[in-house]
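Asks:
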Amino acid sequence: MRIIGGDFKGTVLYGPGKGSRIRPTSDKVREALFGIIGSRIKDASFLDLFGGTGAVGFEAVSRGASDVTIVEADSIDLIRKNGVKLKIEKSEQLHLVRSDAAEAMKMIEKRGEMFDFIFADPPWHEGYEAETIKNVAGILASDGTLILEAYYKTKPPETSKMSKTSEMPEPDSGQKPGLRLKDSRRYGDTALHFYVF
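Heads up: the sequence shown begins at 1 in the UniProt record's numbering, then just goes up one per residue.
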């Protein structure tokens with residue numbers, strides 16, 4: 001597992017140990033993801049939920065994101081170790097949060113933070129997809145993108161009802177419409193689903 005592009009290109013990251021439940025996003029999928037995002041990552045804010053090894057968040061740092069937050073409940077020490085390897089563990093550009101993803105999203109929303117990109121790779125086959133999509137309502141910028149990684153056979157929700165009514169909110173109401181599935185891509189047994197408002 002290595003950084004694919006940007007300032008840290010080629011740097012090999014520490015992976016999970018044998019028997020770990022962590023399933024890192026593969027190099028191939030990360031390369032495809034950041035190829036799709038392209039130059040929009042430059043100076044963007046990026047949230048990596050269910051961070052695992054931190055590889056996706058570190059890829060965002062490497063490619064020029066201005067602010068990257070990685071949330072992980074269990075393997076934050078592994079992420080910190082990779083941050084040390086990249087010499088960015090104390091950078092103001094990087095924030096590590098040891099927390100359950102749902103709790104972290106509530107905390108982030110209370111602080112009023114918003115992200116241009118949110119990447120979520122919840123555990124497969126456990127049904128977190130719809131809940132995760134719903135919970136990003138208050139922390140995804142109105143022109144932002146949510147990228148959901150999932151097992152390719154898991155049917156992604158088409159929309160997320162984030163407004164208090166099932167209708168489109170009135171213009172100037174300050175209320176965002178629900179997220180809608182814009183695109184899906186498959187890479188082996190992995191799918192990436194892109195959601196926008």
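Virtual Cβ for every residue (Gly too), placed ideally from N, Cα, C.
(1) Would you please state the rounded distance, in angstroms, between the beta carbons of residue 69 and residue 22? I believe it to be under 8 Å.
(2) Buried or exposed for residue 39, please, with buried defined as at least 16 other CB atoms from any protein chain shown within 10 angstroms of its CB.
(3) When the Cα of residue 17 is compared with those of 78, 133 and 111, which residue comes out closest?
(4) Nearest by alpha-carbon distance to residue 123: which of 185, 108 and 149 is it?
(5) So the alpha helix (DSSP H) residue 45 belongs to, where does it begin and stop?
(6) Could you say which of 45, 73 and 76 lies nearest to residue 66 if we only look at CA atoms?
(7) Can you tell which of 102, 31, 190 and 59 has its C-alpha closest to the C-alpha of residue 7?
(8) Would you mind stating whether residue 159 and residue 196 have Cβ atoms separated by less than 8 Å?
(9) Verify whether the separation of the beta carbon atoms of residue 118 and residue 47 is less than 8 Å.
(10) Go to residue 267, then tell me how far its alpha helix (DSSP H) extends in each direction, as first and last residue.
(11) Taking the Cβ atom as the reference point for each residue, do residue 50 and residue 4 lie within a distance shorter than 8 Å?
(12) Please state whether DSSP places residue 113 in a helix, a strand or coil.
Replies: Walking through what the data contain:
(1) So it is not a contact: roughly 19 Å between Cβ atoms.
(2) exposed
(3) 78
(4) 149
(5) Element bounds for residue 45: not the alpha helix (DSSP H) but the beta strand (DSSP E), 45–49.
(6) 45
(7) 59
(8) no
(9) yes
(10) The chain is shown from 1 up to 197; residue 267 falls before or after that span and cannot be answered.
(11) no
(12) coil
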